[in-house]
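K.L.:
The structure under discussion is supplied below as structure tokens; questions concerning it will follow.
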Amino acid sequence: MEFLKPIVFVLILSSSTIPILSFSHFSPIDHYLIDCGSTLKSTVDHRIFLSDSSPSNSPFLSSPRSFSLTNQHPFEGLPPIYSSARVFEVASKYEFQIRDKGTHTVRLHFQAFTSSNLDLIRAQFHVLVNGYVILSNFSGVSAVNPRIKEFLIWVGTETLEITFIPVKRSSFAFVNAIEVISAPKDLVADSAKHLSYERSEDVDGLSKEGREVLYRVNVGGPKVTPFNDSFWRTWVPDDEHFESSEGSKKVYSSGRIKYQEGGASREVCPDNVYNSARVIKSTNSSIPNTNMTWTFPAIDGYNYIIRLHFCDIASISIGFLFFNIYVNGYMAYENFDLSTATNWELSSPFYVDFMVSGDQEGVLRISIGSSNQSVPYAIDGLLNGIEIMKLNNSLGSFDGNLSAEMVLMRCRGNTVNLVPYVVILCLIVTVSLMLRRKVIRRDDSFSWSKVPVVDSWKVKSNMGIVNS
Ligand SMILES: *[C@@H]1O[C@H](CO)[C@@H](O)[C@H](O)[C@H]1NC(C)=O
Ligand SMILES: *[C@@H]1O[C@H](CO)[C@@H](O)[C@H](O)[C@H]1NC(C)=O
Ligand SMILES: *[C@@H]1O[C@H](CO)[C@@H](O)[C@H](O)[C@H]1NC(C)=O
Ligand SMILES: *[C@@H]1O[C@H](CO)[C@@H](O)[C@H](O)[C@H]1NC(C)=O
Ligand SMILES: *[C@@H]1O[C@H](CO)[C@@H](O)[C@H](O)[C@H]1NC(C)=O
Ligand SMILES: *[C@@H]1O[C@H](CO)[C@@H](O)[C@H](O)[C@H]1NC(C)=O
Ligand SMILES: *[C@@H]1O[C@H](CO)[C@@H](O)[C@H](O)[C@H]1NC(C)=O
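Per mature numbering (1 follows the signal peptide of the UniProt record, and there is no 0), the sequence shown runs over residues -22 to -1, 1 to 446.
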């Protein structure tokens, strides 16, 4: 049996590397990474972004007037995709071939810079994706940090089209990089618990709704970069959104996260998010009567999906964790029992989706508090991660009250600005033609035709009348 030892050792070694290997395990069917306006490909965290001027079939860029711009003084510490951009002077589109029908992540990268006397900060434009307005009157591109806009779009057609439309004839559009990737099949849940004033009920059919990803937050933990995420996402720390509360603390676990069938998968949310949390903990016989609260800005007129991630990395043993979940003041879950939800397994991930409407208050508020069933000398509240997504409005827009058709119509309106000139030109041509004709006619009448056609007809009919 001695000879088996090396094999066992190798097995143990390889099994201990499984969580790391599995970050690259997910291999999407559609996977486009485009470095716009660049002539060469560039690599970011082992991911290769191809140039949009390479003669490959997809994506197909149709732009009557576009050019590439390179930053002569690239920003220190920024990935190479941000030192070039493609600039569009008129409406232009990228067409991506879609082989895998279903939800796709669309990520657009914007980083303004100045080059060749063109300051990208002056850009103002709309962006459409397959009939959705994803950005409108977009301009506020900071010169300091890249802005990344991310959407989850269900694609049932053979192509995904991203259209850039300058707002006015004098403005322009630009983009630094584009990602179009098939999403993991279990990423977008079809139903959510809708919380509202009248009643709370489950709503279905959400998987085909468009979503804008606004926030991904790693509660109690550090920033997680695309390099460390199973689906190349970024998760930010929660400090900016956490309203500090007495009696809560951060916890961290280096143990294995036990993904289970029926819970979250690693593609839904990575180990790096589940292995940190904030908790409410009672160290004596009294249960803290307190809430941990996070807030996010929200706009009236849109529905939001709030996904909360839980993984009990803090309890000493299973079965003692009960807490209340509040969203916008609604009791979203009373006595939430994570132990039952995770099949009585510690360190096992689970998530729930809620849907709420943005209201006049302009804020989404999530609270976790101890409940009636909370147990002393135990953990009495826990949260590992938060995702906030905006659903499109009834006009198919994420950004204002114009539908894609209306945006396109206004854009055609821009070219219609030419009409007065065309009309004037036509008038000039017609008038000059008429004048010329008159002149010719005058000449004619003098030279060879004494009886104009109309006159001869008149004469004939007159004769006819006379005849009859
Ligand atoms: C862009 O802004 C103008 C006014 O600044 C507004 O009239 C127009 O509706 C906006 N367009 C969109 C698509 O929201
Ligand atoms: C990935 O995560 C590890 C720790 O989990 C960290 O040390 C490393 O810096 C991270 N890498 C990147 C590129 O974020
Ligand atoms: C329990 O501990 C908390 C602080 O951890 C303290 O505020 C509270 O007074 C203690 N209660 C009792 C009954 O000792
Ligand atoms: C926790 O938040 C909920 C909802 O906002 C509120 O009803 C409850 O009173 C809060 N509990 C404490 C102890 O502040
Ligand atoms: C707690 O329990 C009491 C009685 O057992 C019940 O009336 C109340 O609704 C429960 N929930 C909360 C949040 O107090
Ligand atoms: C989102 O946009 C799609 C396409 O325009 C539309 O069918 C759907 O009804 C919109 N969703 C809502 C909640 O209005
Ligand atoms: C869009 O319309 C809604 C309701 O008609 C209104 O409340 C909201 O202010 C409008 N938004 C914009 C950006 O005009």
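A virtual CB, placed ideally from N, CA and C, is assigned to each residue, including glycine. Just so it is clear, the structure is predicted and the values come from calculations on it, not from any experiment.
(1) Which one or two residues does DSSP pair with S226 in a beta bridge?
(2) When the Cα atoms are used, what is the spatial distance from G15 to H82?
(3) Buried or exposed, going by whether 16 or more other CB atoms sit within 10 Å of the CB of Q50?
(4) Could you say which of S174, L98, E139 and D164 lies nearest to A151 if we only look at CA atoms?
(5) Roughly how many angstroms separate the alpha carbons of M384 and I7, rounded to a whole number?
(6) Who sits around ligand 3, taking every residue whose Cβ is closer than 6 Å to one of its heavy atoms?
(7) Considering only heavy atoms of ligand 4 and the C-beta of each residue, which residues fall inside 5 Å, strictly closer?
(8) Quick one: residues in its chain with C-beta nearer than 8 Å to the C-beta of V(-15), no 5 flanking neighbours on either side, listed in chain order?
(9) If we count the other Cβ atoms within 10 Å of its Cβ and call it buried at 16 or more, is D13 buried or exposed?
(10) Pick from V353, L47, N371 and P57: whose alpha carbon is nearest that of N262?
(11) Which residue's Cα is closest to the Cα of H308: Y329, L173 and E128?
(12) Per DSSP, what are the beta-bridge partners of A155 in this structure?
(13) Quick check: S325 and M270, are their CB atoms within less than 8 Å of each other?
(14) So, is I26 buried or exposed, given that buried needs 16 or more other C-beta atoms within 10 angstroms?
(15) When the Cα atoms are used, what is the spatial distance from T137 to E73?
(16) Counting pairs of beta carbons, one from the stretch 354 to 367 and one from the stretch 277 to 295, are three or more of them closer than 8 Å?
(17) Below 8 Å, can you find three or more Cβ-Cβ pairs linking the stretch 76 to 95 to the stretch 118 to 138?
(18) Could you pull the start and end residues of the beta strand (DSSP E) that S114 belongs to?
(19) Can you tell me where the alpha helix (DSSP H) holding T320 begins and where it ends?
(20) At a cut-off of 7 Å, would you count N196 as near ligand 2, judging by its Cβ distance to the nearest heavy atom?
(21) Assuming D249 is part of the beta strand (DSSP E), what are its boundary residues?
(22) Report whether the distance from the Cβ of I379 to the nearest heavy atom of ligand 6 is below 7 Å.
(23) Look at the Cβ atom of N196, then the Cβ atom of W210, and state whether they are nearer than 8 Å.
(24) Just to confirm, is the Cβ distance from L47 to S62 under 8 Å?
(25) Measuring CA to CA, which of V166, G340 and E323 is closest to A276?
(26) Applying the criterion that 16 or more other CB atoms from any shown protein chain within 10 Å of the CB defines a buried residue, is F332 buried or exposed?
(27) For A170, which residues in the same chain have their Cβ closer than 8 Å to its Cβ, ignoring the five residues on either side in sequence?
(28) Going by other Cβ atoms of all chains shown within 10 Å of its Cβ, with 16 needed for buried, is H104 buried or exposed?
(29) Kindly identify the DSSP beta-bridge partner or partners of F274.
(30) Does residue 502 come out as helix, strand or coil in the three-state DSSP assignment?
(31) If S114 sits next to G378, beta carbons under 8 Å apart, how far is it from one beta carbon to the other, in whole angstroms?
(32) Which residues in the same chain as P204 place their Cβ atom closer than 7 Å to its Cβ, once the five residues preceding and following it in sequence are excluded?
(33) With distance defined between alpha-carbon atoms, name the residue in S335, N313, S372 and Y304 nearest to I344.
(34) Pick out every residue whose C-beta is nearer than 6 Å to a heavy atom of ligand 2: which are they, in chain order?
(35) Please report the distance separating the alpha-carbon of G297 from that of F314.
(36) Around the Cβ of H9, are there at least 16 other Cβ atoms within 10 angstroms (buried) or fewer (exposed)?
P.N.:
The structure says:
(1) I258
(2) 23 Å
(3) exposed
(4) L98
(5) 33 Å
(6) T261, N262, S263 and S264
(7) N267, N269, Y304, G307, S345 and G347
(8) For V(-15), the predicted model reports a pLDDT of 34, less than 50, meaning its position is unreliable and no value from the coordinates is stated.
(9) buried
(10) V353
(11) The identity of residue 308 in the sequence shown is Tyr, whereas the question assumes His. With distances taken between Cα atoms, Y308 lies closest to L173.
(12) D13 and H87
(13) no
(14) exposed
(15) 6 Å
(16) yes
(17) yes
(18) Y110 to F116
(19) From DSSP, T320 is part of no alpha helix (DSSP H); its letter is neither H nor E.
(20) no
(21) That residue, D249, is in no beta strand (DSSP E); its alpha helix (DSSP H) goes D249 to Y252.
(22) It is worth fixing the name first, because residue 379 is Asn in this sequence and not Ile. Answer for N379: no, Cβ out of range of ligand 6.
(23) no
(24) yes
(25) G340
(26) buried
(27) D180, V181, L184, I283, D331, F332 and M333
(28) buried
(29) L342
(30) With the chain represented from -22 up to 446, any question about residue 502 goes unanswered, as that position is not in the structure.
(31) 5 Å
(32) D23, W210, R211 and T212
(33) Y304
(34) T203, F205, N206 and N250
(35) 11 Å
(36) exposed
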